[in-house]
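J.: Before I ask anything, let me first share the structure, which is written out below as structure tokens.
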Amino acid sequence: TQVFLAPVGDHYRTRLTHTLEVTQIGRSMARGLRLNEDLVEAMAMGHDVGHTPFGHIGEELLGKFLPDGFRHNEQSVRIVEKIEKNGAGLNLTKEVRDGIQKHSAPTEGGVETTAWGVPETPEGWVVRYADKIAYLHHDIDDAMRAEIVREEDIPQDIRASLGRDRAERLDTMIYDVIVTSYGKPEVTMSDDVLDATNALRKFMFENVYLAGPAKTEDRKAQGVLWELLQHFEKHPELLPAEHQRIAQRDGAKRAVADYVAGMTDRYALDTYASIFIPSGWSHL
């Protein structure tokens, strides 16, 4: 999750910094568990390449745009298999593709489900936990930096279980996965730490993800993306050459979705401005 859309400032996280943090956490856990660190890194580096601009807002909108829906994990696999290297793909192993596709689980009523399947390798489970650990910690950090929440706002039972600050919580979660899983066939957390982690995630949803300050620009972001999707669907000849090749192979609608889904927040805003805002007013 990315708390802020197109964040201004060098200290808020983006998809790139999130990916680097997942990779670092994943490698640390893999080393402690004596698993394949390179496999974990490959999964982690590719796990979010299919994420849309404006986070889950963009994913929901693209899901409405495409007849078969849109899921960022499937888009990540599509990119590494069918889009990179002019459509030839990266020739990744089955294990890497599986870890990318199953790096997270969809939720229903705040509870994770197995609708997307579960990782087939322990390295895949490491990446799933690394992703969860990374986004929780950096989202809390971003929310505190923006003064949406304070450290003291986190419930005391969560702080008692996980730690009194970001560094302690990060150490607790990583260490717990290693100690709980070492020498066992499954990679998991202990019940106590998992319960506290889920409680922290619930706290973030109630106080940050679905709260006013981080959601105030959602409707504008939806408008920007929808206008871009409609514009390029009407004018597929304006797509970059590589996406015009995708249009010939998979259809214009799919090519438009691939193009817009691959934008960063800032690039989406800049593209919107270049199309819909007169150049003399673009600074307004």
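Anchor point for the sequence shown: position 188 equals 827 in this note's numbering, and the numbering is continuous, going up by one each time. Even for Gly, the Cβ is constructed at its ideal location relative to N, Cα and C. As the structure is a computational prediction, the values presented were derived from the model and not from experiment.
Taking just the CA atoms, how far does residue 794 sit from residue 847?
T.: The alpha-carbon atoms of residue 847 and residue 794 are separated by roughly 14 Å.
J.: Over what stretch of residues does the alpha helix (DSSP H) that includes residue 865 continue unbroken?
T.: Taken as a continuous stretch (DSSP letters only), the alpha helix (DSSP H) holding residue 865 covers 857 to 873.
J.: For residue 715, name the three-state secondary structure that DSSP assigns.
T.: In the structure shown, residue 715 sits in a helix (DSSP, three-state: H, G or I).
J.: Work out the CA separation of residue 875 and residue 684 for me, nearest whole Å.
T.: Distance between the alpha carbons of residue 684 and residue 875 is about 30 Å.
J.: Is the distance from the Cβ of residue 895 to the Cβ of residue 908 below 8 Å?
T.: No, the pair does not count as a contact, with Cβ atoms beyond the cut-off.
J.: Indicate the three-state DSSP secondary structure (helix, strand or coil) for residue 896 in the structure shown.
T.: Helix at residue 896.
J.: Count the CB pairs spanning the segment 725 to 732 and the segment 697 to 713 that are closer than 8 Å, and state whether there are at least three.
T.: With the cut-off at 8 Å, the segment 725 to 732 and the segment 697 to 713 do not touch.
J.: Select from 692, 669, 687 the residue whose C-alpha is nearest the C-alpha of residue 911.
T.: When only C-alpha atoms are compared, the closest one is 692.
J.: Is the number of C-beta pairs between the segment 853 to 868 and the segment 806 to 814 that are closer than 8 Å three or more?
T.: Output reads no: the segment 806 to 814 does not touch the segment 853 to 868.
J.: If you drop the 5 nearest sequence neighbours on each side, which residues of the same chain put their C-beta closer than 8 Å to that of residue 835?
T.: These residues qualify, in order along the chain: 796, 797, 800, 801.
J.: Could you compute how far the alpha carbon of residue 674 sits from the alpha carbon of residue 889?
T.: Cα to Cα, the separation comes out at about 38 Å.
J.: Hey, quick one: how far does the alpha helix (DSSP H) through residue 764 stretch, first residue to last?
T.: Residues 761 to 784.
J.: State yes or no: is the C-beta of residue 679 within less than 8 Å of the C-beta of residue 818?
T.: Taking 8 Å as the Cβ cut-off, residue 679 and residue 818 do not qualify as a contacting pair.
J.: Cα-Cα, which of 671, 856, 792, 659 is closest to residue 681?
T.: When only C-alpha atoms are compared, the closest one is 659.
J.: With the cut-off set at 8 Å, would you say residue 897 and residue 914 are in Cβ contact?
T.: No, Cβ-Cβ distance for residue 897 and residue 914 is not below 8 Å.
J.: Please say whether residue 738 and residue 762 have beta carbons closer to each other than 8 Å?
T.: Cβ distance < 8 Å, so residue 762 and residue 738 count as in contact.
J.: Please report the residue range of the alpha helix (DSSP H) in which residue 848 lies.
T.: Where residue 848 is concerned, there is no enclosing alpha helix (DSSP H), given that its DSSP letter is neither H nor E.
J.: Output the boundary residues of the alpha helix (DSSP H) element that contains residue 695.
T.: First-last of the alpha helix (DSSP H) with residue 695: 694 to 704.
J.: By Cβ distance below 6 Å, which residues in the same chain neighbour residue 816 in space, the five residues on each side in sequence not counted?
T.: Hits under 6 Å: 668, 768, 828.
J.: Which one of 832, 787, 882 has the shortest CA to CA distance from residue 844?
T.: Comparing Cα positions, the closest option is 787.
J.: State the DSSP-derived secondary structure class of residue 905, mapped to helix, strand or coil.
T.: Residue 905: helix per DSSP, three-state reduction.
J.: Any chance the CB of residue 675 is under 7 Å from a heavy atom of the ligand FAD?
T.: Looking at this structure, you won't find the ligand FAD or any other ligand, since it has none at all.
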